[in-house]
Structure formats: C-alpha cells, structure tokens
Amino acid sequence: MDFENQLFWTRQEVYIAKIFLPIIIGFLLLSIGLLTAFALSFWWRHYRLWHLGKDENRFDQVATRVKTVLAVMFAHVRFWKELYPGALHFLIFWGILFIFLGKIVRLFSYPVGLTNPPQNIFKYASFISEIGGLLAIMGGGMAVYRRYIIKPSRLETKSERTLIFVWGFVLLMTGYVIKGYRIAAVGVSIPSNWLSWAPVSYMVSHLILILPSEPLNELLVWHRALIHTIPAFLLFAYVFITRNPLQHFFLSPINVFFRSLKLKGILAPIPNFEEAETFGVREISAYTWKQLLDLEACTNCGRCQDVCPAHLSQKPLSPRRMTQNLKDHLRREGPKLLSTPPDQRQPEAIMEKTVGEDELWACTACMACEEACPVCIEQISRNIDLRRNLVLVETKYSSDIRLTLKNLEKSNNPWGMARGLRTDWAKDLGVNPVRNSTGALNPATEQQGIISNGVKIFSEVTDPEILFWVGCCGSFDARNQKVATSMVKILQASGIRFGILGNEEGCCGDPARRIGNEYLYQTTAEANIGIMKRYGVKKILTLCPHCFHILKNEYPQLGGDFQVIHHTEFLMELIASGRLKLTKPINKAITYHDSCYLGRANQIFEAPRKILNSIPGLKLVEMERHRQRSFCCGAGGGRMWMEEHIGTRINQMRTDQAIATEAELIGTACPYCLTMLFDGIKEKGKSETMAAYDLSELVDQSM
Amino acid sequence: MKIAVCIKQVPDTEAEIKWDTPKGTLKRDGMNPITNPFDEFALEEALLTRENYDGDIVAITMGPEKANDVLRSALALTVNEVHRCTDDAFSGSDTYATASVLAAALKKIGDVDVVFCGKQSTDGNTGVVAAEVAAILGWSPLTYVSKVRQIDAANKKIVVERAIEGGIEVIEAKLPAVVSVIKGINEPRLPNLMGIKKAAKTVIPQWNADDLGVDKGKVGAAGASTKVVEIAVPPPRGAGEILKGELEDIANIVTDRLIDMKVIK
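Here it is as structure tokens:
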C-alpha cells in the first residue's frame, strides 16, 4: 500500500479514536436504548391485548415445547410439506440469522478491534454474515419471484410488504457496498486478507469508484456506515412500532411454544359450566389469551386456505381470512376495551360483522388447516366457540340444525328415530334385546330364549371381551347397517366375546358437540358413561372415527376412561395375530380415503393400509391428497346433518379425486365417509364402474 | 295485559306408535314426551304479544308430574308464571272435562285478557278444547287463527284473521278471548341455555281440584260425557297392480275390474 493511503488511514484512526469512536459508542448505546424501549413497548402492547382473553394453562411440559420451537425454527419442520415456499423461507431465515450473528460480533469489533489488528473471531463473523447475506438474497429473490410473478392465489400482497422487501434488499446491498467500499479504498492489507473473509464484498469492491478527492473520500468513509446503519435502525424501529408482517419473527415462535400438546380436534369443555352466565364466544375477550395470540401470530401465508375443503368448494369460509378478520377485530376493539373500566365495557359482537353465519357453519372441522399451519394456530376450537354462543345463548341456527338437535334430545340419535328401533339392524343376526328401554323383560325373549350365536346385549354376555359400540349410523342408516353386520360376522368368526348396549346406546354426542350444543353433548355423554360404568365396560370397539375420537379423547373430560379401539386397528390386530384368515381374493384396484378423525386427529394411517394389503388381489392406489393431507368428505363438524346450499358439493370433489386414480373401489373406515362417497359415486354417474366399501365389508368378503 | 297459554304434554308421534287396542289408548310408556307442537306456536304468539303490548304470561297445563317439563320449557322461554293442574280425579278426562279444569284455572288466575292454545293436540287430535274453554267461560272463541292483527286491552277488543277454506276471515271480537292458533302463524323461538338452567331450578306450583273449585264428579273418567268405544289400526294397504299395455286394453281391464268389485254397473 502506498504512503498516501497509509497516512490517510492513520489519520482516520486518530479521528476514530478521539472523535468517531465516542460518537459511534454514543450512537450504539442510544440505538440500543431506543430499540429496547420500542421492543418493551411492543411487548407491553401485545401482552395487554392478549391479557384481555381468558386464562389457559399452556406452561406445562416446557421441555417438549422448547424442542418443538427449536425444530420448527431451525429445521423448519412444518415448512417442508411444500418444497419451494419451504426452501425460500429456510434460506431467508438462516440468511438473516447468520447476518445477525455476524453483525453483532462485528459491532463489538468497533470498540475493540479497530485500533488493533482484528482477531480471528471477527474474520469468522465477517464470513458468516457475508454468506448470510447471500442466502437471504437467494431466498428473497425466490420469494419475490413467487409473490410478484407467479402470484399464487393464496398470497395477498399489500404495499407494505413490497416496502419491506425493498427495505430488506437495500439493507443487504448497502451492507456489501460499505464493506466493498472499505476494501476498495484501503486495499487488501488493512484490516487483513479480505478476500477470504469477505468474498462478496471483495467482489463488490471492484465495482466501486474511488474518488480522486481525498476529503470527499474521507467524508464518504465516515458516512459510509450511515447509509447502512440508519436504514437498519429504522427497520428495527419500524418492526416494533407499527403493525407489520415482520412481527412474526417474535410472535410465531412464541405461538409455536404455546401450541396445544394434545391431539388435534379435541375440544375443551366450557369451564365452570354450572355457574357460567354465558357460553361460547360472543365478543373477542371471551377467547383465551392463547386464542388471541393465535390471531396475531398468523403470517397471512394462506396454507390453510389452500387445503380447506370449504374454501376449495366455494363456501364463504377461508380459515386465513377468518383469522385475519378476527385479528383486525382484536386490534380495533382491544384498545377500546382496555381503555374502558370492565363494568362499562360494551364489546362488539364478532358474529355478522367480523364472521358471517354461512362462513362459520361451512367448517367441517376437518383440521386440514391446523395440519398445514406452520405456526400451529388452532382454528377449530375457535370456530366451535363461536358456534357454542350461537347455539346456547343466541339460539340462532338454521332449521336443519334445529331439527337435528331436537332429534338428538328426544330420541338420542340425529334422525329422530324411535329408540326401540336401534337394534333392528341386528334382528336377523340374532339380537333379541333382553330388556326394553324401561328395563322390563322383553316377553318375546322370555319365550324364545337368547340365541347364543347371535348378537347379545353386553350385560348378558359371560365374561365379555369388548363392547361393540355400533353408533347411530351403524344402527339406523341402511348402507351402514351392512357394515355393522360385516363387523358382527368378523367378530363371530374370530370367536370374540362381544356385546352391544342395544337400545340403551345413545348418540356418542359428536354431532351435538361439533354443532356447538355443549349442554346436549354433556347430558348425552354423561348418560352414556353412566350406563357403561354400570355394566363394567372396559374396552370399546367402534365403527365410526367420530365415536372413536370422542369416546377415547373427550369422554375422559367427563370422567369416562375406557380403552377405545377403532375397527381398523382391531381388524389389523386380528389379521396380524392370525385369528382372522383372509383367503378369498378381491382382484380390484382400490383407493383408500383417510378419514379426518381417524387420520389427522388420531394419526391412524397404517392400520387400514395393512388391512388392505392383507386382502389378496387388492391393489392399493393412493389419491394425491392422502394421509395427513387427506381431503374431507364434507360430513364433519355436524355438516352431515346440514344441507349444502353453496358452491360445489364437497363429497363430489372428493369422489372426483378418487375417480382420478382409476380405482374400481374406494375403501373407507367411517360411516359418514362411506355415505358421502357412496352418494358421490351415484351423483357422478359412476355406479356401474365404482363402488365404495367399508374395510370391514372387504374383510368379510375375503374371509 | 295478562296473557295465558294452555300447553299440553303429548307423546312424540314422530317416533314409534304403539296402541293398547283393548283399552283404546296409546301405549305411552317408552314414548318420548314432548310439548304439543301446536302449543309451541301458541306460546310463541303469547311471547310476541307480550313484546308488542307489555304484560305478563301465565302458562298452565293439566297433567301428571311429567307434565312439569312442558312448563319448564315455557319458563326457559321467559314466561312469568306457570301452574300445573293435577289431581287423581282428573285422570281419564275427556275434552269437556279437561276444558272445565282449564277454565277453572283461568278463572283462578283472574283478569286474563287473552288465552292462546294450539288448535289441536297431536295425540287426541279432537281440536275442541279451546272452543269448549271459551264456551264454559263465556269468552270469545276464536279458532284456527292464522294472524292476530290487534289487541286493544283498554277497549276490550281483539281483531284476528282465521284461516278458512278458500280465504281468510277477519273477525273483531270482545275480550277476553280464547285464541287457538294454527301451524305457521309464527316461528317458535328456542330457549337459550341460561333460560333452561334457571327453569330447571324452579319449583312448579300445583293446583288440585279443591284449589280450582272443581267438582270431582264432573271430571276425570267419572265425569266423562264421551267414551272411546273402539280403536283400530287400519289394515295395511296392499301393493297396487301396475297395468301395462295398450291404452284401450288397460281401459277394458279397469272397467271389468270395477264391475267385478261392484263399484260400477
């Protein structure tokens, strides 16, 4: 390096030590002070909003929670379901993380190392931040391409986001430019071998023109940092002061930390049911603080919308839209509520203005949204809470819902059919209820005696192994009665000692609970629990995933602890143990429809597939949306009992997906799904070439 | 204004129906008891009247202990007062006996301006009790009402529309009046959970024959002026026969059959 430049830099070092350094330190302290203030204000404002909500304990099992956060943040485990968006976010995240790491270390180098030869750690930091910058630019470029050129339907781009992109790129570029400038001005000898430790900046340095005038160079050198640090400082301030998408940096990991550790689809009971004056959620502060946090953690990514069967079938429901609308509602109403004393508050209702009725009732509670959400937002319970208020307090619902609830209340099944008819399906299988619904001995049975090889009432079975919970569909619906019959034949062939509750069996309570009538659900469930405890029931076999889910996962909330098994798990065990031999081939191609409450809710994917693979001749073809990404048949969330007036029929969409596999059979494990797909095949005019069967029927055929 | 409603508990006839043919009655055990659907319209009409004109609603029923449920449903919908008329002597009452008990209850309540009833009950289906109550009390009988146009309590006037075959009859009558309503006059509202819970805790007051000043000899099976002689389930319709072929041949076959059956000559 020539003498002039050396002098230049020596003078600069004097300036740095006496004038520039104190200014820098002052500026750093001030910035840190200001940013800390902004950050605290940010947290305080958000905490106050969340604190409007009710209590909820999400502080259990901290180790598991921390593990999830680390996995989601650093390995991006919830992002890889879609490769391109996952990759670009991974790059941006790691890029920014590296930059931060490098920069923070580098910040320390100003007071420490400028007057000394820089230590190795600063070189490593420099390298890391350079690589980080590259990753961020790559990821950012992919993001810009996707958002502005491909323009997928689920992305909403407001001008604020474009501003953030521009700002971000400016920061990345100026970062390289200032370093490149320094390299260009100084040459490679000070501070050290930049080529190895600042590859990008080194390349940039070749593009920078050094002005001949020395004072001007000096000015530029002193102020070079400002073109980078001031925008950086402003960006940090912006993140904390305004509401903007970048706040997900903090809110999303926190939301992941506080996620539900239970299986999906488990609803919480209404706390303090006896003393409560109101039920469900009418206004925003009736939600729990976690549900309010959910609203703010939403990054508006739209993954939920892309998988929602209601949205895809043109219903007015989009989970993303609902979350965003509720978030706006919270941010509008929250400050109003906070500035009024609690007894004078007049909070605005959520329904109608923020969430529409058709929108709310369109949800099938299929949990695809919860599965897709990278930040673990819980949409289902939030919807059901709104329904609870409509049903229990406002009594506002359509006439088909009203009829279903009335039927459940009167006759303990959604069809309103007489209780005495519940065992009719098994008449020819030998069921002769010993007692009628009032407990008197059935005179017909007294005369004929009990047919020992048929279906017996549980209390009349000697040393029963299992209670066969038939469910309302298996008992009353013609198509599903055949499934119950197949199951009985399988049980008999395997020599299992089983019984049914007969006319004492009541609806498991799933339709009532998902519709929002928590009161009816509780009464029904408590009655069922009482009956089963009275008969000493320990193990229950269910045909229906909804019965399975509620009996296994939700009855314990009311004191009903039983060992519950779904018929696919049961059949798999029978086949695996050799108790059931499948010999007759079914030489057809079959596609299996994963039911929401078997798959996504209870993670049972393998058992049904093992059953199908055990049937000789069956060839399994998977639909595109299968396993966790399975597409709802449309009957969940109480929608089996509601008319579908808007858009395309969800069951037809799923049937189309099955038809696309060119399979001749659709295998199901749920009476709702079976009904929906059976109808779908008919509606699509494919009854000649396709048929829908429950797995137990196929096993029965193959026995 | 004082508004009364007469409600009856009936078995749910949408479920299975079993007959005790020798006794000539329904086998009510094992059947779900519900509020007579037509009375739900009456109750809703009372609630609407109270909303429009201010006042109090009293709901009454005649029935055994189980009938408390219909009064609880009424309480859950926010009626102000309920009473159950019950006495062993009332058992086996026919329509006139029932009407005289209800009339006595209405007299005991006192100052009633209008009484709403359903046009008939879904078990007996006779549809006469409302008119009989009016006759006994000497109040205006307004049956098959499809709309209440106006109630003027001060001037003791009521204007209603009655659904008759081929049109609507508009009637102005004097209060007090007994109004029986038809299906579809309104859309019955549903009780919310708070209402249900409050009603569940309420003790339902009872009136027996002495409280009502009713002559025990004139009610119940003893005082019945009508008696069910026979109940029969009509024989199931046989499957029809579908005739195929040329129109003229079919016409000939039909004519021959009708002649054979002696329907035509």
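Taken in order, these protein sequences are the chains called A and B.
Letter by letter, the first sequence follows residues 4 to 706 of the numbering used here.
Letter by letter, the second sequence follows residues -18 to 246 of the numbering used here.
Where a beta carbon is used, it is the ideal one built from N, C-alpha and C, also for glycine.
Just so we're clear, the structure is a prediction, and the values are computed from it rather than from any experiment.
- Residues of the stretch 14 to 45 of chain B with a Cβ closer than 7 angstroms to any Cβ of chain A, in chain order: 15.
- Of all alpha-carbon atoms in B:78, B:196 and B:155, the one lying nearest the alpha-carbon of residue 44 of chain B is that of B:78.
- About 7 angstroms separates the CB atoms of residue 517 of chain A and residue 387 of chain A; that is less than 8 angstroms, so the two are in contact.
- Nearest CB-CB separation between residue 239 of chain B and chain A: not below the 7 angstroms threshold.
- Residue 569 of chain A: member of the beta strand (DSSP E) spanning 566 to 569, first to last residue.
- Secondary structure remark: continuous alpha helix (DSSP H) runs of at least 4 residues inside the stretch 491 to 559 of chain A, in chain order: 513 to 518, 521 to 537 and 548 to 552.
- When CB distances to chain B are screened at a threshold of 8 angstroms, the residues of the stretch 519 to 536 of chain A falling below it are 522, in chain order.
- By a beta-carbon distance limit of 8 angstroms, residue -17 of chain B contacts residue 36 of chain B. Their separation comes to about 6 angstroms.
- Rounded to whole angstroms, residue 513 of chain A and residue 561 of chain A show a C-alpha spacing of 14 angstroms.
- For residue 64 of chain B, the enclosing beta strand (DSSP E) stretches over residues 62 to 66.
- Nearest neighbour of residue 620 of chain A by Cα position, chosen from A:582, A:632 and A:667, turns out to be A:667.
- Between residue 509 of chain A and residue 531 of chain A, the CB-CB gap stays under 7 angstroms.
- Counting only residues of its own chain and dropping the five nearest sequence neighbours on each side, residue 108 of chain A has a CB closer than 6 angstroms to the CB of 128.
- For residue 273 of chain A, there is no enclosing beta strand (DSSP E), as DSSP marks it with neither H nor E.
- Contact of residue 242 of chain B with chain A by beta-carbon distance below 8 angstroms is absent, the smallest such distance being about 37 angstroms.
- No residue range can be given for residue 161 of chain A, since it is assigned to no alpha helix (DSSP H) and is classified by DSSP as neither H nor E.
- Neighbours of residue 53 of chain B in chain A, taken as residues at a C-beta separation under 9 angstroms, are lacking, since the least C-beta distance is about 13 angstroms.
- Contact annotation: residue 264 of chain A and residue 566 of chain A have beta-carbon atoms that are not nearer than 7 angstroms.
- Between residue 427 of chain A and residue 645 of chain A, the gap from beta carbon to beta carbon reaches 7 angstroms or more.
- The continuous alpha helix (DSSP H) containing residue 69 of chain A extends over residues 65 to 77.
- For residue 673 of chain A against residue 511 of chain A, the beta-carbon gap comes to about 13 angstroms, at or over 8 angstroms, which does not count as contact.
- Taken in chain order, the complete beta strand (DSSP E) segments of 3 residues or longer contained in the stretch 619 to 705 of chain A are 668 to 671 and 694 to 697.
- In this structure, DSSP gives residue 131 of chain B an extended state, which the three-state scheme calls strand.
- Counting of Cβ neighbours within 10 angstroms places residue 648 of chain A among the exposed residues, the total staying below 16.
- Judged by DSSP in its simplified three-state form, residue 145 of chain A adopts helix.
- If you look at residue 363 of chain A, you'll find it isn't in any beta strand (DSSP E); it sits in the alpha helix (DSSP H) that goes 360 to 364.
- In the DSSP assignment, residue -8 of chain B forms a beta bridge with B:14.
- For residue 655 of chain A and residue 594 of chain A, the gap between their C-alpha atoms comes out near 16 angstroms.
- Three or more Cβ pairs closer than 8 angstroms define a contact, and the stretch 142 to 152 of chain B falls short of that threshold against the stretch 110 to 118 of chain B.
- Around residue 405 of chain A, the beta-carbon contacts reaching into chain B at under 8 angstroms are 171.
- A distance below 7 angstroms separates the beta carbons of residue 473 of chain A and residue 487 of chain A.
- At least one CB of chain B lies nearer than 7 angstroms to the CB of residue 395 of chain A.
- In this structure residue 505 of chain A is buried. Its beta-carbon is surrounded by 16 or more other beta-carbon atoms within 10 angstroms.
- Three or more Cβ pairs closer than 8 angstroms define a contact, and the stretch 286 to 299 of chain A meets that threshold against the stretch 318 to 332 of chain A.
- Taking the CA atoms as reference points, residue 151 of chain B sits about 22 angstroms from residue -15 of chain B.
- Excluding residues up to 5 positions away in sequence, nothing lies with its Cβ nearer than 7 angstroms to the Cβ of residue 119 of chain B in the same chain.
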